[in-house]
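Student: Here it is: the structure, laid out below.
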Amino acid sequence: MTTALAEYRRIQHNGQAHYGQHLIATCLGCSDDILSVERMSKFLQVMADDIDMVRYGDPIVARFGGGIETGISGVQLIETSAIVIHTNDAHRDMYLDVFSCKEFEEATVRRVLDDFLSPSSVTCEVFYRK
5 MTTALAEYRR
15 IQHNGQAHYG
25 QHLIATCLGC
35 SDDILSVERM
45 SKFLQVMADD
55 IDMVRYGDPI
65 VARFGGGIET
75 GISGVQLIET
85 SAIVIHTNDA
95 HRDMYLDVFS
105 CKEFEEATVR
115 RVLDDFLSPS
125 SVTCEVFYRK
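Count the sequence shown with our numbering and you get residues 5 to 134, in order.
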């Protein structure tokens, strides 16, 4: 691997160099805080800070959709990629993506989820992108 490529793929996982770490979480049965645009905006900011990312501007968060598909979507850009949420008001569920070319801890993501939303269940998958 060339030096430039080695610098570009700086995350090491299972002895291989990767460009990014991508965590996908499904959070079911969250608290009523999931209904608040302001609270979800704060969630995105705290998530970025707690996983040690540099935020790029303020998050963009809005409620839209209709009927059983009404919810909040939001994105917090970070210098190393983005944190994205999609929620469902009717079921109090949230779908979270955290992607970064800088490593972060799954345990920290789970803690922030618990602190903000107290989900009844959380399923996480972590992928390493080449």
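Backbone N, C-alpha and C define an ideal beta-carbon position, used for all residues, glycine too.
Between which residues of its own chain and E129 is the CB-CB distance below 6 Å, once the five residues before and five after are set aside?
Tutor: Closer than 6 Å at the Cβ level, and outside the excluded window around E129, lie I28.
Student: Could you check the C-alpha separation between L81 and L48 for me, to the nearest Å?
Tutor: Going from the Cα of L81 to the Cα of L48 covers about 9 Å.
Student: Does the distance from the CB of I87 to the CB of M44 come in under 8 Å?
Tutor: Cβ distance not < 8 Å, so I87 and M44 don't count as in contact.
Student: Helix, strand or coil, according to DSSP, for M98 in the structure here?
Tutor: Correct three-state label for M98: strand.
Student: At which residues does the beta strand (DSSP E) containing S124 begin and terminate?
Tutor: Taken as a continuous stretch (DSSP letters only), S124 belongs to no beta strand (DSSP E), as it is neither H nor E.
Student: Apart from the five residues just before and just after G69, which ones in its own chain have a Cβ nearer than 7 Å to its Cβ?
Tutor: Counting only Cβ-Cβ distances below 7 Å, and skipping sequence neighbours, we find G75.
Student: Closer than 6 Å by C-beta to I64: which residues in its own chain qualify, once you throw out the five before and the five after it? Chain order, please.
Tutor: Excluding positions up to five away in sequence, the list reads V79.
Student: If I follow the unbroken alpha helix (DSSP H) through L48, where does it start and stop?
Tutor: Counting along the chain, the alpha helix (DSSP H) containing L48 begins and ends at 41-54.
Student: Please report the straight-line C-alpha distance between Q20 and F103, rounded to a whole angstrom.
Tutor: Whole-angstrom Cα-Cα distance: 18 Å.
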